[in-house]
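Heads up, the thing below is written out as structure tokens.
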Amino acid sequence: MREALRGLTTRGRSFLAAAMAAALSAFILGEKDLLRVAILLAALPLLAAAYVGRSRYKLACTRSLEPGRAPVGSSARVILRLQNMSRLPTGTLLLEDRLPYALGSRPRVVLERLGAHMASSVAYTVRADVRGRYPVGPLVIRLTDPFGLCELTRSFPSVDSLTVIPQVVALPAVRLAGEYAGTGDSRARSVAVHGEDDAATREYRRGDDLRRVHWRSTARTGELMVRREEQPWESRATVVLDTRLYAHQGEGPTASFEWAVSAAASIAVHLRQAGYKLRLVTGTGIDLDAIEAGGEGTVLDTLADVKLTQTGDISTLVDSVRRRSDGGLVIGLFGSLTVAEAEVLTGLRSNGATCIGLPINSSTWVNLTPADRQEADRQHAATSLALVRSGWRSLPVAHGDSLAALWPAAARGSQGFAYRAAMAETVAGM
């Protein structure tokens with residue numbers, strides 16, 4: 046009952062104040078009728094508090110998110126389903142789901158009377174323009190009497206999570222040269238080309254075709270040896286994301302880093318759908334194998350959480366990639382680079398890897414004076430040229446560029462002497 050009295054609304058407290066004033070006036074003036082009015086005024090909020098306080102509703106709540114993983118800038122639908130588990134009908138319920146500021150204001154929904162063992166559903170929409178993981182809930186229910194004199198709050202402990210992933214852009218299908226890397230028995234193919242036939246054989250197994258017997262290896266080992274079956278090579282790709290704070294410019298969802306994260310997500314999804322074995326490496330220490338982790342959904346969830354870091358450098362990022370490098374494609378999304386840092390990236394071309402770099406001119410995300418703009422463009426051109434000289438395919442990125450428009454250039458293989466000459470002229474003319 047004490048809790049119910051503390052839940053009296055402004056209207057209920059006003060009734061009690063009026064009752065006290067009427068009772069005091071009745072004693073001073075000796076008016077019995079006024080005392081009856083005072084008793085009536087006091088009885089209404091007290092009865093309302095007793096009614097609300099003794100209501101023992103048994104409510105079950107379930108929450109579903111459609112979808113549970115939403116891209117930046119899109120909407121998600123939250124569906125609340127409440128069921129009255131008791132035999133007593135409920136009064137009008139005011140529902141309020143707690144949300145973080147990034148998802149908007151807290152939704153308030155009025156749910157009409159629920160009969161015994163009845164259920165009802167309500168829904169609302171949220172929208173997020175910043176990627177991340179956001180808690181949805183807990184749900185707060187406000188119980189009130191028909192006159193609005195008393196209000197109590199009940200809450201459910203359950204909290205769900207909405208994952209806002211980077212925007213994924215559809216990329217055109219192009220053939221990327223150099224993406225194949227051997228695995229398993231297929232590695233024997235590259236060894237056999239160099240003349241080491243023993244590495245391309247294995248012991249004879251019952252049922253093997255005798256026409257596949259390799260007699261030279263059999264004579265050398267003293268056991269029956271057969272040639273291994275060639276297996277198709279798999280396509281492998283490593284997406285590298287630069288997370289250095291000082292290498293990116295801009296704020297909020299339009300920053301250069303957000304462009305890089307969205308590009309990493311788009312490339313990862315595109316390559317996974319094309320059948321690539323994908324690996325994601327970031328400057329924050331993330332080293333994720335898409336197949337082992339559960340597919341592209343896990344990659345997107347990881348990119349939803351990735352943040353800029355004040356520590357780390359390009360050499361650390363190169364070491365992280367090379368720690369488990371197995372050839373194939375290396376696609377790097379880098380913030381502003383110096384010529385020296387671009388030369389360090391040469392270390393990623395080991396083991397026959399084909400490297401495609403998207404150096405971002407993050408200075409184009411901020412306003413600069415004409416002189417500073419000319420100097421920034423000159424440094425970015427020099428960096429792109431240094432990447433090309435290091436054996437990379439360089440796809441320079443500026444503010445407003447579309448990844449879908451840049452992507453076909455990744456399939457051109459060697460960028461040619463004309464491109465190098467043009468870059469050299471650009472640098473020399475600045």
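Remember, this note's numbering sits 45 above the position in the sequence shown when you count from 1.
Glycine included, every Cβ here is placed at the ideal spot set by N, Cα and C.
The model shown is predicted, which means the values in this text are computed figures rather than measured ones.
Taking C-beta separations shorter than 6 angstroms and ignoring five residues to either side along the sequence, the partners of R114 in its chain run T208, I210, following chain order. Around the C-beta of A450, fewer than 16 other C-beta atoms lie within 10 Å, and the residue is accordingly described as exposed. The shortest CA-to-CA distance from L194 to any of G160, R289, R256, V97 is the one to V97. Counting the other Cβ atoms within 10 Å of the Cβ of L348 gives 16 or more, which makes it buried. A direct Cα-Cα distance of roughly 16 angstroms separates T329 from L345. Inclusion of L139 and A121 in the CB contact set at 8 angstroms is not warranted, their separation being larger than that value. Annotated as proximal: S280 and G373, with beta-carbon spacing under 8 angstroms. In this chain, L207 is not harboured by any alpha helix (DSSP H); it is covered by the beta strand (DSSP E) spanning 205 to 210.
For G177, the uninterrupted beta strand (DSSP E) segment begins and ends at 177 to 181.
Three or more pairs of CB atoms, one per stretch, sit closer than 8 angstroms, so the stretch 294 to 307 contacts the stretch 165 to 180.
Annotated three-state conformation of K322 is strand, per DSSP. In this structure, L184 places its C-beta atom within 8 angstroms of the C-beta atom of L125. Setting aside the 5 residues that flank it on each side, E141 is surrounded in the same chain by R151, R153, V185, each with a C-beta closer than 6 angstroms to its C-beta; the list follows chain order. Secondary structure at F192: coil, using DSSP grouped into helix, strand and coil. The closest CA to that of L255, considering only M270, L197, Q424, R423, is found on M270. Just so you know, the alpha carbons of G149 and A168 end up roughly 15 angstroms apart.
Beta-bridge partners assigned by DSSP to M270: E248. Secondary structure of A264 (DSSP, three-state): helix. Non-local C-beta neighbours of E341 in its own chain, meaning closer than 7 angstroms and more than five positions away in sequence, comprise A313, V314, R317, A335, ordered along the chain. In this structure, the straight-line span from the alpha carbon of F302 to that of C106 is close to 39 angstroms. In this structure, the beta-carbon distance from L216 to L403 does not fall below 8 angstroms.
Cβ contact annotation for F192 (same chain, cutoff 8 angstroms, sequence separation greater than five): R56, L89, A93, in chain order.
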